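Have a look at the structure below before the remarks.
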Amino acid sequence: MNLNQVTVPATDIAASVAFYQQLELELIVSSPHYARFACPEGGASFSVHLAETPLPATHAVIYFETLALNEKVQQLQAAGLRFTQEPKDETWLWREARLLDPAGNVICLYWAGENRLNPPWRIKP
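In this note's numbering, each residue's number is its place in the sequence shown (first place is 1) plus 19.
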């Protein structure tokens, strides 16, 4: 199996489209209630759908990996995006920064490199 896409709720499709385009996702489907993006690397996609009711708080976190994390965060901050966590080295060997999308979904921009799939504590076959 391969993960095809993740879809998150949105309260304002236009605001969400603008936000994810700032993250450099490519808009490939657009309608008043739904938008789908292609990730700039790999074959995954990401989408937002218009929520019919107010959004409950969620604990889901959407992760987007980027090699140049610090530079990407600086670029997005210069464009006016506000981060809830500046780039930080985590104990699980990933460097992470966090922000909220227009609907309040937690977005984590990170760099893990080899540790993404092969951390030192990975279960050996």
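Idealized CB from N, CA, C, for every residue including glycine.
All figures in this text were calculated on a predicted structure; none of them were measured in a lab.
Exercise for the section: Name the two residues that bound the continuous alpha helix (DSSP H) containing residue 88. Expected result: Secondary structure note for residue 88: its alpha helix (DSSP H) is the uninterrupted segment 88 to 97.
Practice task
Taking residue 34 as part of the alpha helix (DSSP H), name the residues at either end of that continuous run.
Solution key: That run of the alpha helix (DSSP H) goes 32 to 41.
Problem - DSSP three-state assignment for residue 135, whether helix, strand or coil - result: When DSSP states are grouped into helix, strand and coil, residue 135 belongs to the helix group.
Exercise for the section: Please confirm whether residue 91 and residue 128 have their CB atoms less than 8 Å apart. Expected result: In contact: residue 91 and residue 128 (Cβ atoms closer than 8 Å).
Practice task
Compute the Euclidean distance between the alpha carbons of residue 81 and residue 125, then round it to the nearest angstrom.
Solution key: Approximately 6 Å, taken between the alpha carbons.
Practice task
Please confirm if the region 52 to 62 is in contact with the region 90 to 105, defined as three or more CB-CB distances below 8 Å between the two stretches.
Solution key: Under the 8 Å Cβ criterion, the region 52 to 62 does not count as touching the region 90 to 105, having fewer than three qualifying pairs.
Problem - Under 8 Å between C-beta atoms of residue 54 and residue 64 - result: The criterion of a C-beta distance shorter than 8 Å is not satisfied by residue 54 and residue 64.
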